[in-house]
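Chemist: Provided herewith is a single structure, encoded as structure tokens, for subsequent inquiry.
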Amino acid sequence: EAAVTQSPRNKVTVTGGNVTLSCRQTNSHNYMYWYRQDTGHGLRLIHYSYGAGNLQIGDVPDGYKATRTTQEDFFLLLELASPSQTSLYFCASSDAGQSSYEQYFGPGTRLTVL
Amino acid sequence: QQQVRQSPQSLTVWEGGTTVLTCSYEDSTFNYFPWYQQFPGEGPALLISILSVSDKKEDGRFTTFFNKREKKLSLHIIDSQPGDSATYFCAASPNSNNRIFFGDGTQLVVKP
Numbered sequence: 001e002a003a004v005t006q007s008p009r010n011k012v013t014v015t016g017g018n019v020t021l022s023c024r025q026t027n028s029h030n031y032m033y034w035y036r037q038d039t040g041h042g043l044r045l046i047h048y049s050y051g052a053g054n055l056q057i058g059d060v061p062d063g064y065k066a067t068r069t070t071q072e073d074f075f076l077l078l079e080l081a082s083p084s085q086t087s088l089y090f091c092a093s094s095d096a097g098q099s100s101y102e103q104y105f106g107p108g109t110r111l112t113v114l
Numbered sequence: 115q116q117q118v119r120q121s122p123q124s125l126t127v128w129e130g131g132t133t134v135l136t137c138s139y140e141d142s143t144f145n146y147f148p149w150y151q152q153f154p155g156e157g158p159a160l161l162i163s164i165l166s167v168s169d170k171k172e173d174g175r176f177t178t179f180f181n182k183r184e185k186k187l188s189l190h191i192i193d194s195q196p197g198d199s200a201t202y203f204c205a206a207s208p209n210s211n212n213r214i215f216f217g218d219g220t221q222l223v224v225k226p
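So this is what it looks like as structure tokens:
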């Protein structure tokens, strides 16, 4: 079973602060994703990647950057955090080209921007 | 534009009852429809999925139905248990770019 870990699990920052959320998957999946989850909005895709050095824009990318440094590691960067970015962030991975397009999710990072 | 619409937003059922969640979509290219289950404090996890070539898939107490003509799907949980209390997400994908579009979720509470 795919293992996806995220760090930190909780983060509090101030408006204008710089935040990096980390994600690592250990099953050599091609695709990795960053979502945010807010009450009433479900899961919304921020950015995703199909391999090291690749980045694709999702549905709510404004205010976020992302970088895929290796097959395993995907980072989400908030360079000037705003209160509207207070949310629960999930990373996920999936294995392209297989019969199943299941996405495996990490445990989430709760971010609070004061 | 909301790609996947899900209802109800929340639902309470008694233990032993049948839960029905519904979902609709617009994009005709969608051909893979997973349902994800999320418990508090955890990430979502795949519960059951169906491809557009099928109209029903069953896994224990969980069954998903797909109606291609109406662009609708549903999740039925029979003999609902308190342990089924969770948020359920309907989703859809065209399977061409590994993107999955999620509904807003249904928060289910099963009362003993």
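Here the protein sequences come in this chain order: P and R. Position one of the first sequence corresponds to residue 1 (our numbering), numbered consecutively onward. Position one of the second sequence corresponds to residue 115 (our numbering), numbered consecutively onward. Note that CB positions come from ideal geometry on N, CA and C, so glycine has one too. The model shown is predicted, which means the values in this text are computed figures rather than measured ones.
Near D38/P, what residues of its chain come up, given a Cβ to Cβ distance below 8 angstroms and the 5 sequence neighbours on each side ignored?
Modeler: Hits under 8 angstroms: R44, S87 and L88.
Chemist: Is R68/P buried or exposed, if buried means 16 or more other CB atoms sit within 10 Å of its CB?
Modeler: R68/P comes out buried.
Chemist: Going by alpha carbons, who is nearest to T26/P out of N18/P, T70/P and Y64/P?
Modeler: Out of N18/P, T70/P and Y64/P, T70/P has the C-alpha closest to the C-alpha of T26/P.
Chemist: Nearest to L125/R by alpha carbon, out of F216/R, I214/R and S199/R?
Modeler: Closest by alpha carbon: S199/R.
Chemist: Among the candidates T109/P, N54/P, P61/P and L114/P, whose CA atom is the shortest distance from the CA of T46/P?
Modeler: Looking at the sequence provided, one finds Ile at residue 46/P rather than Thr. It is P61/P whose Cα lies nearest to the Cα of I46/P.
Chemist: Are the C-beta atoms of E140/R and some chain P residue less than 8 angstroms apart?
Modeler: No - not a single Cβ of chain P is within 8 angstroms of the one on E140/R.
Chemist: Using a 10 Å radius around the Cβ and a threshold of 16 neighbouring Cβ atoms, would you call D218/R buried or exposed?
Modeler: Counting Cβ neighbours within 10 Å, D218/R comes out buried, since at least 16 surround it.
Chemist: What residues in its chain sit with their C-beta under 7 angstroms from that of S28/P, if we drop five residues either side in the sequence?
Modeler: If we look at S28/P and ignore the five residues flanking it on each side, its Cβ neighbours are Q71.
Chemist: Residues of the stretch 205-223 of chain R in Cβ contact with chain P at a cutoff of 9 angstroms, in chain order, please.
Modeler: For the stretch 205-223 of chain R, which is checked against every Cβ of chain P, the residues closer than 9 angstroms are A205, S207, N209, N211, N212, R213, I214, F215, F216, G217, D218 and G219.
Chemist: On the three-state DSSP scale, how would you describe S207/R?
Modeler: DSSP places S207/R in strand when its eight states are reduced to three.
Chemist: What separation, rounded to the nearest whole angstrom, lies between the Cα atoms of C137/R and F216/R?
Modeler: Distance between the alpha carbons of C137/R and F216/R is about 10 angstroms.
Chemist: So, Y33/P versus Q85/P, is the Cβ gap smaller than 8 angstroms?
Modeler: The answer is no: Cβ separation not under 8 angstroms.
Chemist: On a Cα-Cα basis, can you pick out the residue from P226/R, K171/R and T201/R that is closest to Q152/R?
Modeler: Measuring from the Cα of Q152/R, the nearest candidate turns out to be T201/R.
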